[in-house]
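For reference, the structure is listed below as structure tokens.
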Amino acid sequence: MNKLIAKLACFFAFLLILVSVAGAQQPSNDLSAEASVAYDTKDWAKSATLYEKLTQAHPEVPRAWFRLGASLQELGQLDRAIDVYNKALAAGAPPLYAEYSLAAVYAQRNQNEQAFEHLDKAVKAGYNKPDQLASDPYLASLRSDPRFAKLLEQTNRNLTPCAYTPENRQFDFWVGEWNVETTQGGIPAGQSRIEKTLGDCVILENWQSSGNPYSGKSYNIYNSALKRWEQFWVDNAGGNIFFYGELSKDGVLDYWTDEMPQPTGPKLKRHLQFIPMGPGKVRQFSRGSTDGGKTWNVEYDFIYLRKK
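Each residue of the sequence shown is one higher than the last, beginning at -8 in the working numbering.
See below:
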């Protein structure tokens, strides 16, 4: 009986601790919510007051420091804003945001050298908002400096890194609007629109056959980890094929598949080539092998003619 009473006493003591902790946390939660509303509605004076309280209660939270800095900056309290942004960095705020904000404050103070120093740090940390950089009124004093244009270019590179990587651009010769016909006889085979998408990281094929409803798409991307090109083909018949390969020394994009099981018959291995043939012309040549690559049979042989 005494053991039971002791256990119950411990249990209720634990409940009291939980209640007291929850009660202690509730004011901070309410304060955080109120501060967020003030910040989102740009009530900068109230926002600064509330985030000041939050940083005192929770100095380890970088978001509170950062928003306090932003509120002070909007209120024109630039010296304090600099100090607070540095505390945000020390607490673990992402440098690409905190360094950018420090650059803006220094630019407001016409301390352009310090502004460029922090802006450079932000860009090197991955800052990737070129539209904001180009239009931010706080950075107006920096835009006539040649360094600004270079940082803006690097910001664009951060936003769309694939657009500037040579390997990702190897397949650009296929991009465009095409009429497609057979190599032998020039019989219309289909139409295809090849476009860059997802930050220019993906070459997207949109295929529509001539004379029948067959259509499909392929997603082509350079896999930088494996240093190879990969294509995933899907169609409206439920088919899918995975290719992998590379650009050869003579500029041909060579794709291969593994030996894949088929609905009937032996496994099939494919070899697909995209061959540039001068301005506005690409050959797509597909072969298949059912004996592990010893012999090959032509599946199709197309010529892509760029639409004018």
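Note that beta-carbon positions come from the ideal geometry of N, C-alpha and C, so glycine has one too.
Three-state secondary structure (DSSP) of isoleucine 212: In the sequence shown, residue 212 corresponds to position 221, counting from 1. Strand.
Length-filtered (3 minimum) beta strand (DSSP E) runs lying within the region 161 to 192: 167 to 173 and 179 to 188
Neighbourhood of asparagine 103 by C-beta distance below 8 angstroms, restricted to the same chain and skipping five residues each side: For the purposes of this step, residue 103 is identified with residue 112 of the sequence shown, where counting begins at 1. Within the same chain, asparagine 103 has close Cβ partners Tyr97, Ser132, Leu133 and Asp136.
Nearest neighbour of tryptophan 224, chosen from Leu244, Leu195 and Gly242 [CA to CA]: In the sequence shown, the residue the question calls residue 224 occupies position 233. Ranking Leu244, Leu195 and Gly242 by Cα distance to tryptophan 224 puts Leu195 first.
Cβ neighbours of tyrosine 30 in the same chain (closer than 6 angstroms, five flanking residues each side left out): Indexing the sequence shown from 1 puts residue 30 at position 39. Only Ser38 and Arg58 meet the Cβ criterion.
Glutamate 290 Cβ short of 8 angstroms to the ligand FMN heavy atom set: This structure lacks the ligand FMN, and indeed carries no ligand of any kind.
Contacts around alanine 84, its chain only, beta-carbon distance under 7 angstroms, and the 5 residues preceding and following it disregarded: To locate residue 84, count along the sequence shown from 1; it is residue 93. So the list reads Pro53, Trp56 and Phe57, once near-sequence residues are dropped.
Sequence-distant residues of its chain with Cβ nearer than 8 angstroms to alanine 95 (five each side left out): For the purposes of this step, residue 95 is identified with residue 104 of the sequence shown, where counting begins at 1. Around alanine 95: Gln64, Ala106, Asp127, Tyr129 and Leu130.
Given 8 angstroms, three or more beta-carbon pairs between the region 253 to 268 and the region 142 to 158: no
CB of glycine 40 within 9 angstroms of CB of valine 75, strictly: Indexing the sequence shown from 1 puts residue 40 at position 49. Indexing the sequence shown from 1 puts residue 75 at position 84. Going by the sequence as given, residue 40 is threonine instead of glycine. No; because the gap between Cβ atoms is not below 9 angstroms, this pair is not in contact.
Counted within 10 angstroms of its Cβ, other Cβ atoms place phenylalanine 2 as buried (16 or more) or exposed: To locate residue 2, count along the sequence shown from 1; it is residue 11. Residue confidence is low: phenylalanine 2 scores 45 on pLDDT, short of 50, so the model does not pin down where it sits. No coordinate-derived value is stated.
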